[in-house]
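Below is one structure, written out as structure tokens; the observations come after it.
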Amino acid sequence: MGANDGEGDGRDMGDAEQAAQDRFAQFVRRAVDAAHDDHDWSIKQVAARCGIGRSTIFRWLSGDWQHHPELPKVRAFCAALDLPLGAALRALTPLPQKTPPPEVPVADPAMEALLVAVRDRFTDPRTTLAEKEQLLAALHRLAYRRLWRIG
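Every number in my numbering is 1216 more than the matching position in the sequence shown, counting from 1.
Take a look at the structure:
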């Protein structure tokens, strides 16, 4: 196992969690850099204005924590630097695991050919406005007609 897989330090870090830590570290880095550029504040000054320890900010910057940052500290950081709390929370939220797209049911090849022909006809520049209106009306009737069930 590699050095960054969390083995041996009591953590079982998933990819989504690590990505959230990386996103929050980037968020904090941009905020600290902006505070330095705009106000010439050092990390020590940022920490003092936020009421949180420098070591906390350094942990956030490195993305090195075992538990999510405490909400009151994140709120104080955002308030002191005039940042939207929602942006920090979005950075901290692991993105959902990618799920494969749902399978599209296989349609009858003859029906697929008809749908392609209708689409092509509708997008053909030679098709008149009147023909397009007829196509739309027919499709609308078919799509929203009542289905009579027998039995």
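Don't be surprised by glycine CBs; every beta carbon is placed ideally from N, CA and C. Being a predicted model, the structure only gives us computed values, none of them experimental.
### Message
I'd like the span of the alpha helix (DSSP H) that includes Leu1308, first residue to last.
### Response
Element bounds for Leu1308: Leu1301 to Leu1308.
### Query
Given that a residue counts as buried once 16 or more other Cβ atoms are within 10 Å of its Cβ, and exposed if not, what is Val1334?
A residue is called buried when at least 16 other Cβ atoms come within 10 angstroms of its Cβ; Val1334 does not meet this threshold and is exposed.
### Query
Helix or strand or just coil, what does DSSP make of Ala1323?
Looking at Ala1323 - three-state DSSP - the assignment turns out to be coil, as it is neither helix nor strand.
### Where Trp1276 sits in the DSSP three-state scheme
Three-state DSSP puts Trp1276 in a helix.
### Task
For my contact list, Trp1276 and Val1244 are in at a C-beta cut-off of 8 Å; report their separation, rounded to the angstrom.
Trp1276 to Val1244, Cβ: 4 Å. Contact.
### Query
Mapping DSSP to helix, strand and coil, what is Ile1259?
Ile1259 carries a helical assignment under DSSP once its states are collapsed to helix, strand and coil.
### Message
For the pair the segment 1267 to 1284 and the segment 1334 to 1348, tell me if three or more CB-CB distances fall below 8 Å.
### Response
No, they do not touch.
### Task
Leaving aside the five residues before and after Thr1309 along the sequence, list all residues of the same chain whose C-beta is less than 7 Å from its C-beta, in chain order.
Ala1236.
### Task
Assign Asp1256 to one of two classes, buried (16 or more other C-beta atoms within 10 Å of its C-beta) or exposed (fewer than that).
Answer is exposed; the Cβ neighbour count stays below 16.
### Query
Asp1225 by DSSP, collapsed to three states: which one?
Any answer about Asp1225 is weak, because its pLDDT of 39 lies below 50 and its placement is not dependable; what the coordinates show is given next. In the structure shown, Asp1225 sits in coil (DSSP, three-state: anything other than H, G, I, E or B).
### Task
Using 10 angstroms around the beta-carbon of Leu1297, count the other beta-carbons present and answer buried if the total reaches 16, otherwise exposed.
Result: buried.
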